[in-house]
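Please read the structure below before turning to the comments.
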Amino acid sequence: MRASLRLPMLITWLTALWVLLWGDVSFANVLGGVAVAIVVVMFARLDVASFRPTHFRPWWALRYLATVLWQLLTANLRLAIEILTPHDGTYTGIIAVPIRGGSDAVVILVANSITLTPGTMTIDVKRHDLSGHDDEMTAGATLYVHGMYMRNVEQVRHDVLRLEALALHAFGTDEEYRRALSDLADHEPLIGIGVPDTHQGSTAGTDEEEPS
Amino acid sequence: MTTVALVITALAALLFVARMLRGPALSDRVISVDGFVSTIVIGVTIASARPDSGVVESTVLVVALGGFVGTAVLARFIERRGS
Amino acid sequence: MASILDTVGGICLIAGALFALLAGIGVHKFRDPYSRMHAAAKSPTLGLILVSIGAALLIRTFEATATVFLVVVLQLLTSPVGTHLAGRAVHLRVDVPQDGPDELARDESPID
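Below is the structure:
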């Protein structure tokens, strides 16, 4: 989307929201809405550039939404079983998952979506500055995920990477999606090591210590 | 139907308040406030479905926004003050 | 037709309320703050989605449906963020022992 279109679109959305809240599409409401929207945008000083996703593939965006909603349902069913039965099957832990990232929008989207998927919850996000490092082996962000079923750490990491690949398929560049898929494939041999280990397991996309 | 739903919601709200009061740590109270506000949003939404309630749907938006801001502020508070 | 929508809507309302109740039980059953956050974040969110669908089915105006849709989007966006903020604050200030690894503690530098 061209940069010159973003601001008018944002103002339009805010005005529509304002009119909806008043419930009556009158001239006064629309005018008031535009005025309020302009004031809000001036005060918010949003960095709109980095926040927008680089791409939008509608079909995959829909699939992403459907996936997240389905995961939310599954998560709740699992929670229901956990809460309503006396047996405690949880094994908690916090792991670091380096992800490809991309635009800020994708990172935030994935971080938020992980909270809604079964057994996992994002509790921190660290963004890495990739300027000057743009090669195959660098992660754009690290998600710190708390999980309730951490007996197989690599399986949880894999689930996060899979969700990220789907997000990039919907909202990222072709290049980012390709890299995310290769991360996924590289990571796959490591699952099945069902013992929680303390050293960094995944090989692709891992760069906790940035080369200086 | 809505009455049953409201009773269940009220029960849920009570459970959150109980956890809020018992603690024992500040983090437990913040979590229960978060859940409590979400439960209130649910309750107001159910109420708006009743024909005689006088509740407008946009009230729900305001409550949801307020709840989020409240949780965010509390979280900052923990960050600064400790548990 | 109307009564079918009423019935389905009512069921959605009750189901949504039950998920809120599930969350309420969850914060009591779980012992550590993070697990409680799992319950307090996921269950009311699904509950709100169900209740919103139910309310839209019962009210049946365009305005109500649009508002309800907005509320769901808002909740989907803000609920995980609130959880994240709370979780981060807790991790910075409280030592919560985990069954498995704690890589955030490993990577985090101690404050003050």
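Protein chains in written order, with numbering that gives the first Met the number 0: chain A, 0 to 211; chain B, 0 to 82; chain C, 0 to 111. We put the beta carbon where it would ideally sit given N, CA and C, even for glycine.
(1) According to the neighbour-count rule (16 or more other Cβ atoms, all chains shown, within 10 Å of its Cβ), is proline 100/C buried or exposed?
(2) Is it a yes or a no for the region 66-86 of chain C touching the region 29-38 of chain B, going by three-plus beta-carbon pairs under 8 angstroms?
(3) Which stretch, first to last residue, makes up the alpha helix (DSSP H) that contains tyrosine 63/A?
(4) Is it buried or exposed for alanine 34/A, if we count other Cβ within 10 angstroms and need 16 for buried?
(5) Nearest to serine 102/A by alpha carbon, out of Gly146/A, Gly31/A, Ile10/A, Glu174/A?
(6) Kindly identify the DSSP beta-bridge partner or partners of isoleucine 93/A.
(7) Skipping 5 residues on each side, what residues in its chain have a beta carbon closer than 8 angstroms to that of alanine 85/C?
(8) For glycine 65/B, count neighbouring C-beta atoms within 10 Å of its own C-beta (all shown protein chains included) and say buried if the count is 16 or more, exposed if not.
(9) Does alanine 179/A come within less than 9 angstroms of chain C when only Cβ atoms are used?
(10) Using a beta-carbon distance below 9 angstroms, is arginine 35/C in contact with chain B?
(11) Decide if phenylalanine 29/C is buried, meaning its Cβ has at least 16 other Cβ atoms within 10 Å, or exposed.
(12) Taking the straight line between their C-alpha atoms, what separation do you get for aspartate 106/C and valine 109/A?
(13) Given that aspartate 94/C touches chain A, what residues does it touch there, using C-beta distances under 7 angstroms?
(14) Which residue's Cα is closest to the Cα of valine 29/A: Phe42/A, Val40/A, Met41/A, Ile10/A?
(15) Run through DSSP, which three-state label would arginine 126/A get?
(16) Between the region 61-77 of chain C and chain B, which residues of the former have a C-beta closer than 8 angstroms to a C-beta of the latter?
(17) Tell me, to the nearest whole angstrom, how far the beta carbon of leucine 115/A is from that of valine 67/A; I am working on the premise that it is less than 8 angstroms.
(18) Note down, in chain order, each residue of its chain lying with its Cβ closer than 8 angstroms to the Cβ of valine 18/A, except the 5 sequence neighbours on either side.
(19) Looking only at its chain, what residues have a beta carbon closer than 6 angstroms to the beta carbon of lysine 125/A, apart from the 5 residues adjacent to it on each side?
(20) Would you say the region 91-101 of chain A touches the region 54-62 of chain C, given that touching needs at least three Cβ pairs under 8 angstroms?
(21) Skipping 5 residues on each side, what residues in its chain have a beta carbon closer than 6 angstroms to that of leucine 5/B?
(22) Would you verify that the beta carbon of glycine 34/B is, or is not, closer than 9 angstroms to some beta carbon of chain C?
(23) Go ahead and pull the three-state DSSP assignment for methionine 0/B.
(24) Under a three-way DSSP split, which group does threonine 172/A fall into?
(25) Considering only residues of the same chain and omitting the five flanking positions on each side of valine 62/B, which have a CB-CB separation below 7 angstroms?
(26) Note down, in chain order, all residues in the region 132-166 of chain A with a beta-carbon under 7 angstroms from any beta-carbon belonging to chain C.
(27) With which residues is isoleucine 98/A paired in a DSSP beta bridge?
(28) Here's the rule I'm using: 16 or more other beta-carbon atoms within 10 Å means buried, otherwise exposed. How should tryptophan 69/A be labelled?
(29) Could you check if serine 112/A is buried or exposed, using at least 16 other CB atoms within 10 Å of its CB as the buried criterion?
(30) Would you say serine 201/A reaches chain C, if we count a Cβ-Cβ gap shorter than 9 angstroms as a contact?
(31) Looking only at its own chain, which residues have a Cβ that is under 7 angstroms from the Cβ of leucine 73/B, when we skip the five neighbours before and after it?
(32) The region 14-32 of chain B: which residues have C-beta closer than 7 angstroms to a C-beta of chain C, in chain order?
(33) Taking just the CA atoms, how far does leucine 76/C sit from phenylalanine 67/B?
(34) I'd like to check one pair, serine 34/C with threonine 91/A: are the Cβ atoms closer than 9 angstroms?
(35) Counting pairs of Cβ atoms below 8 angstroms between the region 152-159 of chain A and the region 177-191 of chain A, do you hit three or more?
(36) Mind reading off the beta-carbon distance from isoleucine 13/C to methionine 0/B? Whole number of angstroms is fine, and I expect it under 8 angstroms.
The answer reads as follows:
(1) Counted from its first residue, the third sequence places residue 100/C at position 101. Label assigned to proline 100/C: buried.
(2) The region 66-86 of chain C vs the region 29-38 of chain B: in contact.
(3) Counting from one through the first sequence, the residue named residue 63/A turns up at place 64. Where tyrosine 63/A is concerned, the enclosing alpha helix (DSSP H) stretches over 57-83.
(4) As a position in the first sequence, residue 34/A is number 35, starting the count at 1. Looking at its Cβ environment, which holds fewer than 16 other Cβ atoms inside 10 Å, alanine 34/A is exposed.
(5) Here the question's residue 102/A lines up with position 103 in the first sequence. The option with the nearest alpha carbon to serine 102/A is Glu174/A.
(6) Working through the first sequence from its first residue, we reach residue 93/A at position 94. Per DSSP, His145/A, Asp101/C.
(7) To locate residue 85/C, count along the third sequence from 1; it is residue 86. So the list reads Met36, once near-sequence residues are dropped.
(8) Walking along the second sequence from the start, residue 65/B turns up at place 66. With fewer than 16 Cβ atoms within 10 Å of its Cβ, glycine 65/B is classed as exposed.
(9) Working through the first sequence from its first residue, we reach residue 179/A at position 180. No, no contact with chain C.
(10) In the third sequence, residue 35/C corresponds to position 36, counting from 1. By the rule that beta-carbons nearer than 9 angstroms mark a contact, arginine 35/C touches chain B.
(11) Indexing the third sequence from 1 puts residue 29/C at position 30. Counting Cβ neighbours within 10 Å, phenylalanine 29/C comes out buried, since at least 16 surround it.
(12) For the purposes of this step, residue 106/C is identified with residue 107 of the third sequence, where counting begins at 1. For the purposes of this step, residue 109/A is identified with residue 110 of the first sequence, where counting begins at 1. Each residue's Cα considered, the two are about 21 angstroms apart.
(13) Within the third sequence, numbered from 1, the residue matching residue 94/C stands at position 95. Neighbours of aspartate 94/C on chain A: none; closest Cβ ~12 angstroms, over 7 angstroms.
(14) The count along the first sequence starts at 1 and reaches residue 29/A at position 30. Closest by alpha carbon: Ile10/A.
(15) On the first sequence, position 127 is the one that residue 126/A refers to. Reduced to three states, the DSSP call for arginine 126/A is strand.
(16) Close to chain B, meaning a Cβ-Cβ distance shorter than 8 angstroms, are the following residues of the region 61-77 of chain C: Glu62, Ala63, Thr66, Val67, Leu69, Val70, Leu73, Gln74, Thr77.
(17) Taking the first residue of the first sequence as 1, we reach residue 115/A at position 116. Taking the first residue of the first sequence as 1, we reach residue 67/A at position 68. About 6 angstroms separates the beta carbons of leucine 115/A and valine 67/A, which is inside the 8 angstroms limit, making them a contact pair.
(18) Locating residue 18/A in the first sequence gives position 19, counting from the first residue. Correct list, in chain order: Val24, Asn28, Val29, Gly32.
(19) Along the first sequence, one-based indexing puts residue 125/A at 126. Around lysine 125/A: Thr141.
(20) Contact between the region 91-101 of chain A and the region 54-62 of chain C is absent, because fewer than three Cβ pairs lie under 8 angstroms.
(21) Here residue 5/B refers to the residue found at position 6 of the second sequence. Correct list, in chain order: Ile45.
(22) Within the second sequence, residue 34/B is the residue found at index 35, counting from 1. It does; some Cβ of chain C falls within 9 angstroms.
(23) For the purposes of this step, residue 0/B is taken as residue 1 along the second sequence, with counting starting at 1. DSSP places methionine 0/B in coil when its eight states are reduced to three.
(24) Here residue 172/A refers to the residue found at position 173 of the first sequence. Of the three classes helix, strand and coil, the one that applies to threonine 172/A here is coil, per DSSP.
(25) Within the second sequence, numbered from 1, the residue matching residue 62/B stands at position 63. The residues are Ile39, Val40, Val43.
(26) Contacts with chain C (Cβ-Cβ distance below 7 angstroms) from the region 132-166 of chain A involve Tyr143, His145, Met147, Met149, Val152, listed in chain order.
(27) Position 99 of the first sequence, counted from the start, is the residue given in the question as residue 98/A. Beta-bridge pairing links isoleucine 98/A to Ala140/A.
(28) Your numbering for residue 69/A matches position 70 in the first sequence. Its Cβ having fewer than 16 others within 10 Å, tryptophan 69/A is exposed.
(29) If you number the first sequence from 1, residue 112/A lands on position 113. Serine 112/A should be labelled buried.
(30) Numbered from 1 along the first sequence, position 202 holds the residue referred to as residue 201/A. Unreliable positioning characterises serine 201/A in this predicted model, as indicated by a pLDDT of 43, which lies under 50. A coordinate reading is not provided.
(31) Here residue 73/B is taken as the residue at index 74 of the second sequence, counted from 1. Cβ-Cβ distances below 7 angstroms link leucine 73/B to Val29, Val32 in the same chain, with the five nearest sequence neighbours on each side left out; the list follows chain order.
(32) Cβ contacts with chain C come from Leu14, Phe15, Arg18, Ala24, Ser26, Asp27, Val29, Ile30, Ser31.
(33) In the second sequence, residue 67/B corresponds to position 68, counting from 1. In the third sequence, residue 76/C corresponds to position 77, counting from 1. Each residue's Cα considered, the two are about 10 angstroms apart.
(34) Working through the first sequence from its first residue, we reach residue 91/A at position 92. Working through the third sequence from its first residue, we reach residue 34/C at position 35. Taking the C-beta atoms as reference points, serine 34/C is found nearer than 9 angstroms to threonine 91/A.
(35) The way I'd put it, the region 152-159 of chain A does touch the region 177-191 of chain A; three or more beta-carbon pairs between them come closer than 8 angstroms.
(36) As a first step, residue 13/C is located in the third sequence; it is residue number 14 there, counting from the start. As a first step, residue 0/B is located in the second sequence; it is residue number 1 there, counting from the start. Going by Cβ atoms, the distance from isoleucine 13/C to methionine 0/B rounds to 7 angstroms, so yes, they are a contact pair.
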